[in-house]
Amino acid sequence: MNDLNYPEVGASTDLHTPLPAGYHHLRHRALVGHGRAALDEAGAAVLEWRMHRAAGVRVTAEADRAAAGVAVHCAVGIGPLRAGAPCRVVWSTTDSGERDRHGFTYGTRRGHLAVGEETFMVEMAADGAVWFTVNAFSRPHRWYAHLAGPLLPLAQHHFAHRCAQTLTHLATPTTH
Numbered sequence: 060m061n062d063l064n065y066p067e068v069g070a071s072t073d074l075h076t077p078l079p080a081g082y083h084h085l086r087h088r089a090l091v092g093h094g095r096a097a098l099d100e101a102g103a104a105v106l107e108w109r110m111h112r113a114a115g116v117r118v119t120a121e122a123d124r125a126a127a128g129v130a131v132h133c134a135v136g137i138g139p140l141r142a143g144a145p146c147r148v149v150w151s152t153t154d155s156g157e158r159d160r161h162g163f164t165y166g167t168r169r170g171h172l173a174v175g176e177e178t179f180m181v182e183m184a185a186d187g188a189v190w191f192t193v194n195a196f197s198r199p200h201r202w203y204a205h206l207a208g209p210l211l212p213l214a215q216h217h218f219a220h221r222c223a224q225t226l227t228h229l230a231t232p233t234t235h
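FYI, the numbering for the sequence shown is 60 to 235, going by the working numbering.
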């Protein structure tokens with residue numbers, strides 16, 4: 060994992076501790092369903108990249124499921140306006156075998172226009188509510204990313220909302 064471009068690796072994995080200073084912070088939490096079936100479906104969608112893809116991100120990964128060490132390349136946009144984002148999974152519940160939460164953290168690698176990491180987590184509360192959380196810290200790394208000013212944090216916030224909406228749809232059982 061020596062290709063990551065920031066020193067605070069794993070700092071976003073604990074959803075209850077402060078994020079590192081010197082970065083834009085994002086914490087977004089949304090209710091996406093209720094019960095074990097919703098948790099399992101939402102968790103699979105997060106871990107198998109389906110949430111990202113359904114939210115409009117082109118994902119190329121070394122594995123079909125998020126696990127520590129897996130290299131991921133995400134791309135958003137259209138044609139020549141597509142921005143690539145090389146990342147690496149630094150932590151995953153796939154590795155820990157957890158039952159009531161599913162998710163992963165990926166960090167930026169060299170070549171990314173930002174530095175930082177994002178955690179995507181689905182958890183079931185004691186009352187059966189299934190919550191989706193994005194916990195992230197980042198800052199521009201490339202000169203042209205600095206020119207975007209507040210647009211990058213706004214885009215990241217919009218993406219978190221889009222992921223929650225997408226996950227709510229994916230976690231809802233269909234009726235025929």
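From the three backbone atoms N, C-alpha and C, an ideal C-beta is built for every residue, glycine too.
Whole-Å CB distance - residue i paired with residue j, under 8 angstroms assumed
| i | j | result |
| --- | --- | --- |
| Tyr-82 | Gly-156 | That belief does not hold up - the Cβ atoms of Tyr-82 and Gly-156 are roughly 31 angstroms apart, past 8 angstroms. |
| Val-105 | Gly-162 | 6 angstroms |
| Phe-196 | Leu-78 | 4 angstroms |
| Pro-145 | Ala-173 | That belief does not hold up - the Cβ atoms of Pro-145 and Ala-173 are roughly 11 angstroms apart, past 8 angstroms. |
| Met-180 | Leu-74 | 6 angstroms |
Same chain, Cβ closer than 7 angstroms to residue i, five either side skipped, listed in chain order
| i | result |
| --- | --- |
| Thr-234 | Reliability of the predicted coordinates at Thr-234 is poor, the pLDDT of 46 falling under 50, and no value is obtained from them. |
| His-93 | Gly-187, Ala-188, Val-189 |
| Ala-219 | Leu-85, His-87, Val-193 |
| Glu-67 | Pro-79 |
Own chain partners of residue i with C-beta closer than 8 angstroms, once the 5 adjacent residues on each side are dropped
| i | result |
| --- | --- |
| His-216 | Leu-85, His-87 |
| Arg-221 | Ala-114, Gly-115 |
| Arg-109 | Ala-103, Leu-229 |
| Ala-249 | An answer regarding residue 249 cannot be provided, because it is not within the stretch 60 to 235 covered by the chain. |
Beta bridge counterpart(s) of residue i as assigned by DSSP
| i | result |
| --- | --- |
| Arg-160 | Glu-182 |
| Ser-151 | Phe-163 |
| Thr-39 | Outside the displayed range of the chain (60 to 235) lies residue 39, so it cannot be described from this structure. |
| Arg-198 | Val-174 |
| Ala-134 | Arg-117, Gly-143 |
| Arg-168 | Leu-63 |
Contact check, residue i vs residue j, beta carbons under 8 angstroms
| i | j | result |
| --- | --- | --- |
| Asn-64 | Thr-167 | yes |
| Val-118 | Val-131 | yes |
| Thr-192 | Glu-177 | no |
| Val-116 | Thr-227 | no |
| Ala-122 | Leu-229 | no |
| Ala-89 | Ala-185 | no |
| Asp-159 | Ala-127 | no |
| Glu-107 | Arg-95 | no |
| Thr-231 | Trp-150 | no |
Nonlocal neighbours in the same chain, by C-beta distance under 6 angstroms from residue i, ignoring five residues either side
| i | result |
| --- | --- |
| Arg-169 | Asp-62, Asn-64 |
| His-171 | Ala-144, Pro-145 |
| Cys-133 | Val-116, Val-118, Ala-144 |
Completely contained beta strand (DSSP E) runs for the region 64 to 128, where each covers 3 or more residues: Complete beta strand (DSSP E) runs here, min 3: 83 to 93, 117 to 120.
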